[in-house]
Amino acid sequence: MIEIIIADDQELIRESLNILLSANKEFKVIDLVENGKEVIQSVAKRQPDIILMDIRMPVIDGVECTRIIKEKYSDIHIILLTTFDDDEYIYNSLKYGADGYLLKEVSPKELTDAIITVSKGGSIIHPSVTTKAINLFSELANQSAVNIHPGDDGVKNLSDKEWQVIEKVSLGLSNKEIAQELHFSEGTIRNYLSIILDKLQLRDRTQLAIWYLQGKNRKSGNE
Numbered sequence: 693m694i695e696i697i698i699a700d701d702q703e704l705i706r707e708s709l710n711i712l713l714s715a716n717k718e719f720k721v722i723d724l725v726e727n728g729k730e731v732i733q734s735v736a737k738r739q740p741d742i743i744l745m746d747i748r749m750p751v752i753d754g755v756e757c758t759r760i761i762k763e764k765y766s767d768i769h770i771i772l773l774t775t776f777d778d779d780e781y782i783y784n785s786l787k788y789g790a791d792g793y794l795l796k797e798v799s800p801k802e803l804t805d806a807i808i809t810v811s812k813g814g815s816i817i818h819p820s821v822t823t824k825a826i827n828l829f830s831e832l833a834n835q836s837a838v839n840i841h842p843g844d845d846g847v848k849n850l851s852d853k854e855w856q857v858i859e860k861v862s863l864g865l866s867n868k869e870i871a872q873e874l875h876f877s878e879g880t881i882r883n884y885l886s887i888i889l890d891k892l893q894l895r896d897r898t899q900l901a902i903w904y905l906q907g908k909n910r911k912s913g914n915e
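Residues are numbered in the working numbering as their position in the sequence shown, beginning at 1, plus a constant of 692.
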């Protein structure tokens with residue numbers, strides 16, 4: 693069962709999400725909170741699998757809360773559910789390690805599918821902001837302050853299939869989409885991704901995408 697904390701400063705939204713998710717036997721909503729400070733307090737007590745969180749909240753907003761949670765609890769998955777597709781929100785959310793970025797216009801099925809995907813180690817970005825996300829990956833890759841340098845041995849040990857998975861990740865594809873393109877199961881792609889991150893000693897698929905795009909940009913610059 694996937695244990696979930698819901699965070700939104702609007703009571704109607706919190707309760708509506710609670711009703712929706714509690715109807716699914718795979719989910720257990722373990723707390724409802726209204727700001728980032730309460731999220732941090734709740735996480736310390738309850739250790740959820742997923743935090744479903746709004747971005748604009750009082751006291752501590754969703755982006756800053758993501759940074760704080762991921763620094764201390766890297767294995768807890770965070771999905772930001774918001775009405776905003778502003779570049780700065782997307783940029784900072786990805787930078788701090790958010791596993792999902794969805795707009796509140798998603799359907800109930802899209803939301804429940806996203807939670808299941810993220811709980812299994814995948815990531816979800818709302819289709820309307822995917823292009824922005826890819827552009828942001830490229831911008832991050834061009835910034836020397838976030839240069840990522842995995843060990844040479846790890847890079848040399850990557851197989852051709854692993855390179856294909858990395859390339860698809862850099863395009864913002866989900867595990868399901870990668871599986872469809874490479875004709876594998878989602879489970880196989882999750883295993884590939886886990887092995888790749890271990891070889892390169894990277895934290896998550898965001899770092900992986902940035903590292904790959906940095907390499908492409910360096911090659912382009914030398915041509």
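For every residue, glycine included, the Cβ atom is placed at its ideal position computed from N, Cα and C.
Go ahead and pull the three-state DSSP assignment for Y765.
-> The residue labelled residue 765 in the question sits at position 73 within the sequence shown. DSSP, read as helix, strand or coil, puts Y765 in coil.
What is the rounded straight-line gap between the Cα of L786 and the Cα of T898?
-> Along the sequence shown, one-based indexing puts residue 786 at 94. Along the sequence shown, one-based indexing puts residue 898 at 206. When the Cα atoms are used, L786 and T898 turn out to be separated by approximately 7 angstroms.
Does the separation of the CB atoms of I870 and Y904 fall below 7 angstroms?
-> Taking the sequence shown and counting its residues from 1, the one referred to as residue 870 is at position 178. Taking the sequence shown and counting its residues from 1, the one referred to as residue 904 is at position 212. In this structure, I870 lies away from Y904, with their beta-carbon atoms at least 7 angstroms apart.
Please classify T774: is it buried, with 16 or more other beta-carbons within 10 angstroms of its beta-carbon, or exposed?
-> Here residue 774 is taken as the residue at index 82 of the sequence shown, counted from 1. So T774 ends up on the buried side.
Can you give me the Cβ contacts of G813 inside the same chain, cut-off strictly under 6 angstroms, excluding the 5 residues immediately before and after it?
-> Position 121 of the sequence shown, counted from the first residue, corresponds to residue 813. Sequence-distant partners of G813 (beyond 5 residues in either direction) whose C-beta falls short of 6 angstroms from its own C-beta, in its chain, are R882.
Please list, in chain order, all residues of the same chain as V810 whose beta carbon is under 7 angstroms from its beta carbon, the five residues on each side excluded.
-> In the sequence shown, residue 810 corresponds to position 118, counting from 1. So the list reads I742, H769, I771, D791, G792 and I816, once near-sequence residues are dropped.
A699 by DSSP, collapsed to three states: which one?
-> For the purposes of this step, residue 699 is taken as residue 7 along the sequence shown, with counting starting at 1. Strand.
In angstroms with no decimal places, state the Cα-to-Cα distance between A901 and E718.
-> What you label residue 901 is simply residue 209 of the sequence shown in a count that begins at 1. What you label residue 718 is simply residue 26 of the sequence shown in a count that begins at 1. Roughly 30 angstroms separates the two Cα atoms.
Any idea which residues DSSP pairs T880 with across the strands?
-> To locate residue 880, count along the sequence shown from 1; it is residue 188. Bridge pairing for T880: absent [DSSP].
Within this structure, are the beta carbons of Y788 and K762 separated by less than 7 angstroms?
-> Working through the sequence shown from its first residue, we reach residue 788 at position 96. Working through the sequence shown from its first residue, we reach residue 762 at position 70. Yes.
Beta-carbon spacing of I696, L744 below 7 angstroms | For the purposes of this step, residue 696 is taken as residue 4 along the sequence shown, with counting starting at 1. For the purposes of this step, residue 744 is taken as residue 52 along the sequence shown, with counting starting at 1. A contact, by the Cβ cut-off of 7 angstroms.
Would you mind reading off the limits of the alpha helix (DSSP H) that contains K737?
-> By one-based count along the sequence shown, residue 737 stands at place 45. G728 to R738 is the span of the alpha helix (DSSP H), which, as asked, contains K737.
D896 - containing beta strand (DSSP E), residue span = Translated into positions along the sequence shown, residue 896 becomes position 204. Where D896 is concerned, there is no enclosing beta strand (DSSP E), given that its DSSP letter is neither H nor E.
For Y781, I'd like the list of residues in its chain whose CB is within less than 6 angstroms of its CB, leaving aside the five on either flank, ordered along the chain.
-> The sequence position of residue 781 within the sequence shown is 89, counting from 1. Shown here for Y781: same chain residues with a beta carbon closer than 6 angstroms to its own, the five before and five after excluded, namely I747 in chain order.
Specify, as a first and last residue, the run of the alpha helix (DSSP H) that K860 falls within.
-> As a first step, residue 860 is located in the sequence shown; it is residue number 168 there, counting from the start. K860 -> alpha helix (DSSP H) spans D852 to S862.
Strand pairing of L795, partner residues [DSSP] | Here residue 795 refers to the residue found at position 103 of the sequence shown. Bridge partners of L795: T774.
Shortest alpha-carbon distance to D723 belongs to which of A715, K737 and G846?
-> Along the sequence shown, read from residue 1 onward, the residue named residue 723 stands at position 31. Of A715, K737 and G846, the smallest CA-CA separation from D723 is found for K737.
Please state whether DSSP places I752 in a helix, a strand or coil.
-> Taking the sequence shown and counting its residues from 1, the one referred to as residue 752 is at position 60. I752 sits in coil when the DSSP states are folded into three classes, being neither helix nor strand.
If we call anything under 7 angstroms between Cβ atoms a contact, is V751 one with K720?
-> Counted from its first residue, the sequence shown places residue 751 at position 59. Counted from its first residue, the sequence shown places residue 720 at position 28. For the 7 angstroms CB-CB criterion, V751 and K720 do not form a contact.
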